[in-house]
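Written below as structure tokens is the structure these notes are about.
Here it is as structure tokens:
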């Protein structure tokens with residue numbers, strides 16, 4: 006499914022993170038890469054999808070098997086540091102939404 | 006909040022649409038614009054966020070006040086036509102996830 010996360014049957018949980026970057030890198034790229042890797046190693050992680058456009062607007066959705074898994078990831082020490090730097094340096098604004106995925110549908114073109 | 010949807014307090018609903026475009030426009034740009042406008046006129050629409058990158062990978066999240074509003078939009082005749090063309094022409098693959106937003110958090114930098 007390429008860039009589309011292969012999640013199990015619902016219900017499961019999603020974190021929708023929508024953000025607008027500040028100018029310049031300021032260590033963002035490296036930390037973002039580390040966070041993707043680290044998140045994928047956490048218990049309960051099911052997958053993630055991430056897109057950022059040329060205007061610096063991005064949407065990242067990560068999928069988890071429980072609210073507890075999301076809470077544990079939020080409180081992970083290294084992730085906490087990234088969150089602090091995010092507010093101080095990397096983002097003009099962002100929103101985080103915690104959701105329960107109730108239904109899903111996948112389409113793939115026959116090649 | 007710029008490109009971040011100003012949604013009311015939870016609970017509300019989200020549709021996460023992740024997609025990979027085929028090559029070429031094939032009428033996609035015009036229809037996408039029309040669908041954004043039309044969606045925003047539907048009862049129960051709360052807002053939307055949309056990003057597509059240079060590789061043709063996109064995430065669009067639309068927010069709604071009820072599952073019924075999402076169902077009505079899905080069944081809207083003009084939207085049905087767009088969905089058919091999406092499968093035939095515009096997308097290599099996509100996923101649609103219907104979610105209940107249980108918690109949200111907004112951050113905006115002081116300017």
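Protein chains in written order, with the working numbering: chain A, 6 to 116; chain B, 6 to 116.
For every residue, glycine included, the Cβ atom is placed at its ideal position computed from N, Cα and C.
Keep in mind it's a predicted model, so treat the numbers as computed, not measured.
Using a cut-off of 8 angstroms between C-beta atoms, extract the partners of residue i located in chain B.
i: residue 90 of chain A; result: Correct list: empty, because the minimum Cβ distance to chain B is about 13 angstroms.
Taking just the CA atoms, how far does residue j sit from residue i?
i: residue 60 of chain A; j: residue 91 of chain A; result: 17 angstroms
i: residue 109 of chain B; j: residue 89 of chain A; result: 18 angstroms
i: residue 57 of chain B; j: residue 82 of chain A; result: 31 angstroms
i: residue 48 of chain B; j: residue 34 of chain A; result: 40 angstroms
i: residue 79 of chain B; j: residue 115 of chain A; result: 23 angstroms
Under 8 angstroms between the Cβ atoms of residue i and residue j?
i: residue 55 of chain A; j: residue 18 of chain A; result: no
i: residue 41 of chain A; j: residue 103 of chain A; result: no
i: residue 4 of chain B; j: residue 100 of chain A; result: The structure shown does not extend to residue 4 of chain B, since chain B is modelled only from 6 through 116, so no value can be given for it.
i: residue 107 of chain B; j: residue 16 of chain B; result: yes
i: residue 51 of chain A; j: residue 84 of chain A; result: no
i: residue 105 of chain B; j: residue 25 of chain B; result: no
i: residue 53 of chain A; j: residue 66 of chain A; result: yes
Please tell me whether residue i has its Cβ less than 8 angstroms away from any Cβ of chain A.
i: residue 105 of chain B; result: yes
i: residue 41 of chain B; result: no
i: residue 96 of chain B; result: yes
Taking C-beta pairs closer than 8 angstroms, name the residues in chain A that residue i reaches, listed in chain order.
i: residue 99 of chain B; result: 9, 111 and 112
Between residue i and chain B, is any beta-carbon pair separated by less than 8 angstroms?
i: residue 58 of chain A; result: yes
i: residue 63 of chain A; result: yes
Which residues does DSSP pair with residue i in a beta bridge?
i: residue 105 of chain B; result: A/105 and B/18
i: residue 12 of chain A; result: Residue 12 of chain A pairs with nothing; no bridge assigned.
i: residue 73 of chain B; result: According to DSSP, which records beta bridges pairwise, residue 73 of chain B is partnered with nothing at all.
List the residues of chain A that residue i touches, going by C-beta distances under 7 angstroms, in chain order.
i: residue 54 of chain B; result: 23 and 64
Can you name the residues of chain B whose CB is closer than 9 angstroms to the CB of residue i?
i: residue 102 of chain A; result: 12, 15, 19, 66, 68, 104, 106, 107, 108, 109 and 110
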